[in-house]
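Residue numbers (the working numbering): 237 to 540. Even glycine gets a Cβ: it sits at the ideal position worked out from N, Cα and C.
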């Protein structure tokens with residue numbers, strides 16, 4: 237286990253913005269994680285988990301909380317059963333798991349092509365695309381509480397919705413159990429490849445970004461990207477942040493010098509313009525760390 241002070245959040249998130257972290261805990265074992273959580277609980281310190289940082293924005297100023305990342309190999313194991321039941325630790329990469337299961341002839345994760353998330357982060361945000369999401373294949377999760385106690389939650393208890401689930405905000409996911417369907421490996425891999433090629437053609441994957449910034453609005457046939465494109469968001473800039481020319485619902489850090497304030501200012505501009513033009517309130521997919529609403533999910537949204 238490593239305790240580090242002053243690590244830049246910009247080095248831990250895919251959008252590459254954010255200031256220093258007061259304390260970063262890199263947990264290598266479950267025992268170490270439990271010890272940290274129990275000690276933090278005694279002193280009233282909140283510990284928040286960070287996966288691959290693909291949907292997170294930290295403030296430019298120092299972040300005062302304690303952030304934990306599950307970096308040890310103990311948190312990156314997986315097992316695929318002959319019946320399609322998969323057990324995978326939360327630190328394992330979603331894209332990597334999609335490739336491995338496709339090669340093994342199991343279908344269900346083709347939607348994950350190009351999604352740079354850990355399994356833990358994917359479950360918490362109910363990551364998805366191409367008509368599928370992690371909630372569609374998940375059976376249960378094993379978690380750890382702020383007091384270091386381990387507990388399980390079933391699919392029905394998680395109550396999956398569009399880009400969210402009802403996971404306790406202070407819980408840390410340790411393991412996910414999935415069920416995939418057996419099929420032809422070549423066909424499944426072909427579908428995975430097509431989804432990835434579509435992403436490469438329509439999304440700016442080579443620049444620092446969150447991925448999609450806003451959820452698609454509920455009860456509306458128009459996507460967030462379509463609404464943003466119609467108000468002229470593509471190419472709109474604030475400092476080093478820009479709405480992508482390739483996809484209007486992506487904000488990119490064009491020269492890797494954007495600030496969190498640049499990004500948040502651009503997000504606010506997009507929200508205000510869309511609301512003025514269409515009366516639609518765009519809800520961020522992005523979690524703003526340090527915000528009083530960090531981690532609080534809204535029920536507004538639809539599947540894309």
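For residue 378, collect the residues of the same chain with a Cβ closer than 7 Å to its Cβ; drop the 5 residues on either side in sequence, then sort them by chain order.
386, 388, 410 and 411
If we ignore side chains and look at the alpha-carbon of each, how far apart do residue 351 and residue 519 end up?
When rounded, the distance between both Cα atoms is 20 Å.
Alpha carbon of residue 249 to alpha carbon of residue 307, nearest angstrom:
15 Å
Starting from residue 305, trace the alpha helix (DSSP H) both ways and give me its first and last residue.
Where residue 305 is concerned, there is no enclosing alpha helix (DSSP H), although the beta strand (DSSP E) it sits in stretches over 299-306.
For chain B, find out if any of its Cβ atoms is closer than 8 Å to the Cβ of residue 295; answer yes or no.
This model lacks chain B altogether, as it is built from one protein chain only.
Below 8 Å, how does it come out for the segment 494-509 and the segment 264-277: are there three or more Cβ pairs, yes or no?
no
Once DSSP output is grouped into helix, strand and coil, what is the label at residue 534?
Bear in mind that the predicted position of residue 534 carries a pLDDT of just 30, short of 50, making it too unreliable to give a figure here.
For my contact list, residue 490 and residue 253 are in at a C-beta cut-off of 8 Å; report their separation, rounded to the angstrom.
Incorrect: roughly 12 Å between the Cβ atoms, too far for contact.
From 237, 244, 270 and 267, residue whose alpha carbon lies closest to that of residue 261:
Considering only 237, 244, 270 and 267, the residue with the shortest C-alpha distance to residue 261 is 237.
Boundaries of the alpha helix (DSSP H) in which residue 466 is found, first to last residue
Element bounds for residue 466: 460-466.
Using only alpha-carbon positions, find the residue among 526, 525 and 471 that is nearest to residue 505.
Selected option, being the one with the closest Cα: 471.
Backbone CA spacing between residue 309 and residue 475 [nearest angstrom]:
39 Å
Cβ pair count under 8 Å reaching 3, the segment 329-345 against the segment 411-427:
yes
What span of residues does the beta strand (DSSP E) with residue 486 cover, start to end?
486-489
Span separating the alpha-carbon of residue 524 from that of residue 289:
11 Å
Using only CA atoms, which one of 259, 305 and 340 lies nearest to residue 422?
340
Through-space distance from residue 446 to residue 576, alpha-carbon basis
There is no way to answer for residue 576, as the model of the chain reaches only from 237 to 540.
Proximity of residue 256 and residue 243 at Cβ, strictly below 8 Å
It is a contact, given that the beta carbons lie within the stated cut-off.
So, residue 380 versus residue 270, is the Cβ gap smaller than 8 Å?
Yes, they are a contact pair.
Secondary structure of residue 321, DSSP reduced to three states
strand
Where residue 529 falls, given that 16 or more other Cβ within 10 Å makes a residue buried
For residue 529, the predicted model reports a pLDDT of 40, less than 50, meaning its position is unreliable and no value from the coordinates is stated.
So for residue 243, helix, strand or coil by DSSP?
coil
Could you give the DSSP three-state label for residue 400: helix, strand or coil?
strand
Let me confirm a value: residue 571 is counted as buried when at least 16 other C-beta atoms fall within 10 Å, else exposed. Which label applies?
Because the chain is modelled from 237 through 540, residue 571 falls outside the range shown and cannot be assessed.
Over the uninterrupted alpha helix (DSSP H) stretch that includes residue 426, give me the two end residues.
421-438
According to DSSP, is residue 539 helix, strand or coil?
Residue placement at residue 539 is poorly supported in this model, since its pLDDT is 31, which falls under 50; the coordinates are not used for a value here.
Closest residue to residue 401 among 458, 473, 356 and 487 (Cα-Cα distance):
356
Using the Cβ count rule (16 or more neighbours within 10 Å means buried), how would you classify residue 240?
By the 10 Å Cβ count, residue 240 comes out exposed.
With DSSP collapsed to three states, give me the class of residue 335.
helix
Cβ neighbours of residue 439 in the same chain (closer than 7 Å, five flanking residues each side left out)
482, 483 and 486
Name the two residues that bound the continuous alpha helix (DSSP H) containing residue 508.
496-514
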